């Protein structure tokens, strides 16, 4: 199966859902969903009919739409939503689905007012669920993103030394990713040194790294729209006993989850494996977030892997496994791998080296 | 007036609008609006009552909310929207306004279902209109952002030479902005060399800069959330006659608009000044976009300054003036200043040097 066939297969899956939801037309407006269903990376909306499809964009993207989605009809006159409405009206659709979690109330009002024959029908986020299972093209791009991020980390690791600020280190990691072929980082790098490591979402600041610091580094690259996501906690100097103890507890929790993961498990079951290890080590209260999340065109997508996640994690999902321990005033340790869920379990895609083992 | 008083004054203006719209409570969900009304930079929603206010956030942001908006009550248990609903229900509000252009249909449905006494009322984007007029704190931050971006440009300009790729040059500009104190760029830098300059929204690529190139550089810095936006078109080597002719036509169009701008003019009147100069020079068809847009917490905000913009440009607005000429196969020239609209006209905030004059 080649790239265009894979994209066509995605549209086939969405049309099955349309049939189930009894809509004759579907307005797709969330940008990652439009990209996933067309390959088009510019701004626009997609109208899917039972057979035809129309990409609603504007003159800035006419050439790009023809290059990226040559098999699709594209319109570029007038507003995106107005083009979509005109097409739905012309199609004679009786029920027109839209993404409830993305279309604004103002756009819904416009649909109500301007759709002539069709009733606008708010639908759930099924496309996000479909996107949770990656095809071979998507896995290949995520692998590339992870490899670029790994190579950049190796370069950075050799350069980290006392006196460097968090911001400088984060910038260097970014620079290495871009030089290595990334479109950019897949999210703002976390570079949390010493006590800053206690904040899971710390932003890189002006603190200078000192001997004896643990540094939580959470970063990812983006390649052709696909994200990677990885965390290492590195040691500047020799770890003391407490640092080693916390580090090893987090690593043990992570390895247990990586080994225990099986396709079809609910997210909360996978989370529980790691959480149980940290509970045994006395760090239950210090692990305050979920174990992981899906990664793809967005850095946070389905399935979720947290304490309350009832979604099953299917074969073909790409998820993070990222336990952490955060101690106010002391710092933190988080270790994160990005894995592909296979028939057998979890294949690790992130290959950055560990400081401790 | 100090910072907190300025933020309080913004809430007073919004409460006047609430009274006009006959709502007892207002749910503010668009992130730049929440930030503008509170100073809080994390994730959350704001519920404004006739007197009280509640910042609905979560445990990740409890400390930050207390630091950034100490005068506001903050909640952090449960989902943001659920907290807001509980507060509106407890307040006994009869009509609860929300931002139509931001709240999704799914959230609207949830409001309809869970609000007990209050009717949800979709409102227009008045807060965006209020944000179009900057106060002294905002102007000071935009000036700082512009100054950081100018200094970075001077550094970059000295380094541009044949053999450098667009991407390398864009990364260098970014690096200089961050080293100079920017939180980051305010948008993805455009670095469009030679024929790539014909695409107004070109992304920096692997093309190497060569002698004889014009390079369109469109960039900005972000400082404490506020954006700058500037464009220069630089020459590598000596310009030929055609390059000089196009460059001077664009500069003349820009200067005419900068000199002609008066507060209270409609956006389309300002656009027309520049467009007329380019028409006289034979480049009317080569100027395919609007003349400018407002800049603040977002890099594109109100007022708009385009051919169809009927909004008046008030004193205190910060807008771009950015005519351009784009010629397929040849390249392009765009020159952009960021200006503060004053009683007398336009004060230019961007001070990056020009190659040609």
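Residue numbers (the numbering used here), protein chains in the order written: chain A, 2 to 358; chain B, 2 to 358. Heads up, the beta-carbon is just placed ideally off N, CA and C, and yes, glycines get one too. Quantities reported herein were computed from a predicted structural model and do not represent experimental measurements.
Cβ separation of residue i and residue j, assumed to be a contact under 8 angstroms, to the nearest whole Å
i, j, result
"residue 184 of chain A", "residue 135 of chain A", "With 8 angstroms as the limit, residue 184 of chain A and residue 135 of chain A do not qualify as a contact, their Cβ atoms being about 18 angstroms apart."
"residue 26 of chain B", "residue 91 of chain B", "About 10 angstroms separates the two Cβ atoms, so there is no contact after all."
"residue 372 of chain B", "residue 75 of chain B", "Past the edges of chain B, shown from 2 to 358, lies residue 372 of chain B, and the structure says nothing about it."
"residue 100 of chain A", "residue 31 of chain A", "6 angstroms"
"residue 199 of chain A", "residue 289 of chain A", "That pair is no contact at about 10 angstroms."
"residue 229 of chain B", "residue 267 of chain B", "That pair is no contact at about 25 angstroms."
"residue 254 of chain A", "residue 324 of chain A", "4 angstroms"
"residue 305 of chain A", "residue 102 of chain B", "About 28 angstroms; that fails the 8 angstroms criterion."
"residue 257 of chain B", "residue 292 of chain B", "Wrong, their Cβ atoms sit about 11 angstroms apart, outside the cutoff."
Length of the line joining the Cα atoms of residue i and residue j
i, j, result
"residue 275 of chain B", "residue 77 of chain A", "26 angstroms"
"residue 132 of chain B", "residue 60 of chain A", "29 angstroms"
"residue 55 of chain B", "residue 296 of chain B", "28 angstroms"
"residue 278 of chain A", "residue 351 of chain A", "22 angstroms"
"residue 299 of chain B", "residue 11 of chain B", "17 angstroms"
"residue 190 of chain B", "residue 227 of chain B", "16 angstroms"
"residue 95 of chain A", "residue 121 of chain A", "9 angstroms"
"residue 317 of chain A", "residue 145 of chain B", "48 angstroms"
"residue 335 of chain B", "residue 179 of chain B", "24 angstroms"
"residue 232 of chain A", "residue 153 of chain A", "13 angstroms"
"residue 262 of chain B", "residue 353 of chain B", "21 angstroms"
"residue 15 of chain B", "residue 128 of chain B", "7 angstroms"
"residue 357 of chain A", "residue 130 of chain A", "37 angstroms"
"residue 271 of chain A", "residue 166 of chain B", "45 angstroms"
"residue 50 of chain A", "residue 107 of chain B", "23 angstroms"
"residue 187 of chain A", "residue 186 of chain B", "15 angstroms"
"residue 326 of chain A", "residue 284 of chain A", "7 angstroms"
"residue 282 of chain A", "residue 251 of chain A", "9 angstroms"
"residue 214 of chain B", "residue 236 of chain A", "47 angstroms"
"residue 8 of chain B", "residue 80 of chain B", "26 angstroms"
"residue 110 of chain B", "residue 24 of chain A", "20 angstroms"
"residue 40 of chain B", "residue 239 of chain A", "41 angstroms"
"residue 244 of chain B", "residue 346 of chain B", "30 angstroms"
"residue 170 of chain A", "residue 147 of chain B", "25 angstroms"
"residue 65 of chain B", "residue 205 of chain A", "16 angstroms"
"residue 264 of chain B", "residue 225 of chain B", "27 angstroms"
"residue 249 of chain B", "residue 4 of chain B", "42 angstroms"
Helix, strand or coil at residue i [DSSP, three-state]
i, result
"residue 198 of chain B", "helix"
"residue 211 of chain B", "coil"
"residue 131 of chain A", "helix"
"residue 27 of chain B", "strand"
"residue 178 of chain B", "helix"
"residue 219 of chain B", "strand"
"residue 184 of chain A", "coil"
"residue 361 of chain A", "The structure shown has nothing for residue 361 of chain A, since chain A only spans 2 to 358."
"residue 300 of chain A", "coil"
"residue 318 of chain B", "coil"
"residue 116 of chain B", "coil"
"residue 206 of chain A", "coil"
"residue 123 of chain B", "strand"
"residue 262 of chain B", "coil"
"residue 140 of chain B", "helix"
"residue 306 of chain B", "strand"
"residue 190 of chain A", "coil"
"residue 42 of chain B", "coil"
"residue 311 of chain B", "coil"
Where the beta strand (DSSP E) through residue i begins and ends
i, result
"residue 327 of chain A", "325-328"
"residue 335 of chain A", "332-335"
"residue 290 of chain A", "Unbroken run through residue 290 of chain A: none, as it is neither H nor E."
"residue 354 of chain B", "From DSSP, residue 354 of chain B is part of no beta strand (DSSP E); its letter is neither H nor E."
"residue 99 of chain B", "96-100"
"residue 162 of chain A", "Per DSSP, residue 162 of chain A belongs to no beta strand (DSSP E) and is neither H nor E."
"residue 50 of chain B", "46-50"
"residue 56 of chain B", "54-57"
Where the alpha helix (DSSP H) through residue i begins and ends
i, result
"residue 268 of chain A", "268-281"
"residue 226 of chain A", "Neither: residue 226 of chain A is in no alpha helix (DSSP H) and is coded neither H nor E."
"residue 21 of chain A", "4-21"
"residue 346 of chain A", "Element bounds for residue 346 of chain A: n/a, residue is neither H nor E."
"residue 70 of chain A", "Careful: residue 70 of chain A lies outside any alpha helix (DSSP H) and carries neither H nor E."
"residue 39 of chain B", "32-39"
"residue 83 of chain B", "81-92"
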